[in-house]
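Residue numbers (our numbering): 454 to 811.
Note sheet for the following structure.
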Ligand code: NAD
Ligand code: TYD
């Protein structure tokens, strides 16, 4: 038996691959295009493990997909590969349409053909996990109940719209072809190996360098945070026990305002890496022009996955954030590698034009 993951050199995919190797003997094939967000350095600890087989390739490449499936005969596909950053989708939506929509379509189509040729037992045991986001549901007001699996899709950024389109395609393959798709919609992840364009690693890295901590708008926007290891465990649970055709929301029951999140990072930096020139890292917080179309609040009701599959997050925000800050403190080589050329141009472009507003 073997499983195939896409995007396993990215943040969540790499954590999933590392956890998989730690917890099972089953081979894992990992196909990744190695965009700016993909990094084989995140997988260096398993470089000598024959259980992990890396293929450099694009999910838009139908013939490569067909040959990987033919050669490795996986029992499941876990689809992580995506363009994943909202701000980049605002600056350049093309690659989001290409990878998230066209790429998901090509992967679904290649996998459906492969699955159609399996024997009865292998066909009935096969699973395709569509790893998605809570952002497909749109934004909530402060008093609204969290999204559940029946909530209407109402995406509002090019990123979330492209993920919503991919989810619809995946679901249509279940309804039309009985292709065994399960969709997971997860809230914001944080943890080791996250590319420092996203809020938490950006704040840790800027804070360590004594650079400013740019908070969009008034910082009152709310996100639900889940430690990446808990997300990976949820996906393993869905793969093992999830109902074909179903959707599961995954989250940390941990809603925080962005200001609250950045303050929590600052408190840990004050404790774990004090800066003699600052009383607190909070002095570095700076409010800047808002993100266009900035969704106010995301939150998900996780009752379904907790009640029917028995999954629960194991990390609190305090314990998960402490592990995360500690990981970045211990991994300066990984940081140095990812904050090179392309990263600098992105930071310059995204933040240069934002005026300080407070
Ligand atoms: P990431 O941006 O860190 O990694 C994406 C990976 O996909 C990279 O390794 C990249 O090289 C690869 N990739 C991109 N285009 C590709 C292509 N055309 N072919 C093959 N590989 C390609 O993303 P992430 O944060 O690890 O997210 C993984 C998945 O989880 C995404 O589908 C995302 O929508 C979803 N998700 C993320 C979060 C989050 O908070 N990060 C929350 C919920 C859901
Ligand atoms: P992000 O990590 O990009 O995830 P998402 O937009 O998918 O939720 O951003 C999390 C929140 O933090 C979001 O409300 C935007 C905000 N944010 C900032 O205030 N400053 C920043 O520099 C970044 C990257 C994000």
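All C-beta atoms in this analysis are idealised placements derived from N, C-alpha and C, irrespective of residue type, glycine included.
Notebook entry, point to check: Can we count residue 539 as close to the ligand TYD, meaning its CB is less than 7 Å from some heavy atom?
Noted result: Reading the chain shown from its first residue, position 86 is the one you call residue 539. Indeed, a heavy atom of the ligand TYD lies less than 7 Å from the Cβ.
Next item on the list: Scan the region 678-733 and note each continuous beta strand (DSSP E) run of 3 residues or more that stays entirely inside, going in chain order.
Entry: 700-703, 708-710
Next item on the list: Locate the alpha helix (DSSP H) running through residue 619, then write down its first and last residues.
Entry: As a position in the chain shown, residue 619 is number 166, starting the count at 1. Looking at the DSSP string, the run of the alpha helix (DSSP H) that includes residue 619 is 611-630.
Margin query: Suppose the cutoff is 6 Å on Cβ atoms and the five residues either side in sequence are ignored; what does the same chain contact list for residue 515 look like?
Written below: Translated into positions along the chain shown, residue 515 becomes position 62. Only 559, 563 meet the Cβ criterion.
Check: If we count Cβ pairs, one from each stretch, closer than 8 Å, do we get three or more for the region 621-637 versus the region 547-558?
Finding: yes
Next item on the list: Measure from the alpha carbon of residue 629 to the alpha carbon of each residue in 772, 565, 512, then state which is nearest.
Entry: By 1-based counting over the chain shown, the position of residue 629 is 176. Considering only alpha carbons, the answer is 565.
Note to self: Can you tell me whether residue 685 sits near the ligand NAD, meaning its C-beta is under 7 Å from at least one heavy atom of the ligand?
What the structure shows: Residue mapping note: residue 685 aligns to position 232 of the chain shown, counting from 1. Residue 685 Cβ: outside cutoff for every heavy atom of the ligand NAD.
Next item on the list: Check the C-beta distance from residue 642 over to residue 675 and give it rounded, since I have them as a contact under 8 Å.
Entry: Mapped onto the chain shown, residue 642 falls at position 189. Mapped onto the chain shown, residue 675 falls at position 222. Actually they are not in contact, since the Cβ atoms of residue 642 and residue 675 sit about 16 Å apart, beyond 8 Å.
Notebook entry, point to check: The beta strand (DSSP E) with residue 507 in it runs from where to where?
Noted result: Sequence index remark: in the chain shown, residue 507 carries index 54 (1-based). Unbroken beta strand (DSSP E) run through residue 507: 505-509.
Check: Should residue 702 be listed as close to the ligand TYD, given that the test is whether its C-beta is under 7 Å from any heavy atom?
Finding: Position 249 of the chain shown, counting from 1, holds the residue named residue 702. No - the ligand TYD has no heavy atom lying nearer than 7 Å to the Cβ of residue 702.
Margin query: Going by DSSP in three states, residue 656 sits in which element: helix, strand or coil?
Written below: In the chain shown, residue 656 corresponds to position 203, counting from 1. Here residue 656 sits in helix by DSSP.
Checklist line | Residues of its chain near residue 590, where Cβ-Cβ distance is below 7 Å and the 5 sequence neighbours each way are ignored | finding: Counting from 1 along the chain shown, the entry for residue 590 is found at position 137. Correct list, in chain order: 600, 604, 606, 607.
Next item on the list: Counting only the same chain and skipping the five closest in sequence on each side, list residues whose C-beta sits under 7 Å from that of residue 733.
Entry: Position 280 of the chain shown, counting from 1, holds the residue named residue 733. Cβ neighbours of residue 733 beyond the five flanking positions: 719, 723.
Next item on the list: Grab the span of the beta strand (DSSP E) containing residue 470 for me, first residue to last.
Entry: Indexing the chain shown from 1 puts residue 470 at position 17. Segment 464-476 is the alpha helix (DSSP H) holding residue 470; no beta strand (DSSP E) there.
Check: Is it true that the CB of residue 533 sits closer than 8 Å to the CB of residue 611?
Finding: Locating residue 611 in the chain shown gives position 158, counting from the first residue. Locating residue 533 in the chain shown gives position 80, counting from the first residue. Not closer than 8 Å, so no.
Item checked: heavy atom of the ligand NAD below 7 Å from residue 713 C-beta -> The residue labelled residue 713 in the question sits at position 260 within the chain shown. Not under cutoff, so the answer is no.
Check: With a CB to CB cut of under 8 Å and the five nearest residues on each side skipped, what residues in its chain are close to residue 616?
Finding: Reading the chain shown from its first residue, position 163 is the one you call residue 616. Only 535, 553, 585, 586, 588, 589, 608 meet the Cβ criterion.
Next item on the list: Write down the C-beta distance between residue 638 and residue 703 rounded to the nearest angstrom, noting that I regard them as a contact closer than 8 Å.
Entry: On the chain shown, residue 638 is found 185 positions in, with the first residue counted as 1. On the chain shown, residue 703 is found 250 positions in, with the first residue counted as 1. So it is a contact: roughly 7 Å between Cβ atoms.
Check: Cα separation between residue 618 and residue 488?
Finding: Mapped onto the chain shown, residue 618 falls at position 165. Mapped onto the chain shown, residue 488 falls at position 35. When rounded, the distance between both Cα atoms is 21 Å.
Notebook entry, point to check: Going along the chain, which residues of its own chain have a beta-carbon closer than 8 Å to the beta-carbon of residue 579, five neighbours each way excluded?
Noted result: Numbered from its first residue, the chain shown carries residue 579 at position 126. For residue 579, where only same-chain residues beyond five positions count, the Cβ hits under 8 Å are 528, 529, 568, 571, 633.
Notebook entry, point to check: In the DSSP assignment, what residue or residues form a beta bridge with residue 667?
Noted result: The residue labelled residue 667 in the question sits at position 214 within the chain shown. In the DSSP output, where bridge partners are listed per residue, residue 667 has 739.
Check: Once you ignore the five residues that flank residue 499 on each side, which residues in its own chain have a CB closer than 8 Å to its CB?
Finding: Counting from 1 along the chain shown, the entry for residue 499 is found at position 46. Excluding residues within five positions, the ones whose Cβ falls inside 8 Å are 470, 471, 474, 505.
Notebook entry, point to check: Exposed or buried, residue 774, counting other C-beta atoms within 10 Å across all chains shown (16 or more means buried)?
Noted result: Residue numbering aside, residue 774 sits at position 321 when the chain shown is read from its first letter. Counting Cβ neighbours within 10 Å, residue 774 comes out buried, since at least 16 surround it.
Margin query: Checking 8 Å against the spacing of the C-beta atoms, do residue 647 and residue 464 come in under that value?
Written below: Taking the chain shown and counting its residues from 1, one reaches residue 647 at position 194. Taking the chain shown and counting its residues from 1, one reaches residue 464 at position 11. Yes.
Notebook entry, point to check: Are the CB atoms of residue 695 and residue 762 nearer to each other than 8 Å?
Noted result: Along the chain shown, one-based indexing puts residue 695 at 242. Along the chain shown, one-based indexing puts residue 762 at 309. Yes, they are a contact pair.
Next item on the list: Report buried or exposed for residue 635, applying the criterion of at least 16 other Cβ atoms within 10 angstroms of its Cβ.
Entry: Numbered from 1 along the chain shown, position 182 holds the residue referred to as residue 635. Under this definition residue 635 is a buried residue.
Item checked: beta-carbon residue 484 near the ligand NAD non-hydrogen atom, thresh 7 Å -> The sequence position of residue 484 within the chain shown is 31, counting from 1. Residue 484 Cβ: within cutoff of the ligand NAD.
Next item on the list: Mind checking who residue 485 pairs with in its DSSP beta bridge?
Entry: In the chain shown, counting from the first residue as 1, residue 485 sits at position 32. DSSP output for residue 485 lists 509 as bridge partner(s).
Check: Does the count of Cβ pairs from the region 752-766 and the region 735-744 closer than 8 Å reach three?
Finding: no
Next item on the list: Run through the region 500-579 for me and flag every whole alpha helix (DSSP H) of 4 or more residues, listed as ranges in chain order.
Entry: 515-525, 539-544, 557-569, 573-578
Note to self: Using only the alpha-carbon positions, how far apart do residue 711 and residue 699 sit?
What the structure shows: The residue given as residue 711 occupies position 258 in the chain shown. The residue given as residue 699 occupies position 246 in the chain shown. Looking at the two C-alpha atoms, the distance is approximately 31 Å.
Notebook entry, point to check: Where do the N-terminal and C-terminal ends of the beta strand (DSSP E) with residue 457 fall, by residue?
Noted result: Here residue 457 corresponds to residue number 4 of the chain shown, with the count starting at 1. Its beta strand (DSSP E) spans residues 456-459.
Margin query: Between residue 485 and residue 494, how many whole angstroms is the CB-CB distance? I'm expecting something under 8 Å.
Written below: Looking up residue 485 in the chain shown gives position 32. Looking up residue 494 in the chain shown gives position 41. Not confirmed; about 13 Å, so no contact.
Note to self: Could you tell me the alpha carbon to alpha carbon distance between residue 706 and residue 652, rounded to whole angstroms?
What the structure shows: Walking along the chain shown from the start, residue 706 turns up at place 253. Walking along the chain shown from the start, residue 652 turns up at place 199. Answer to the nearest angstrom: the Cα atoms are 18 Å apart.
Next item on the list: Would you check whether the ligand TYD has a heavy atom nearer than 7 Å to the C-beta of residue 674?
Entry: For the purposes of this step, residue 674 is taken as the residue at position 221 of the chain shown. Yes - the ligand TYD has a heavy atom lying nearer than 7 Å to the Cβ of residue 674.
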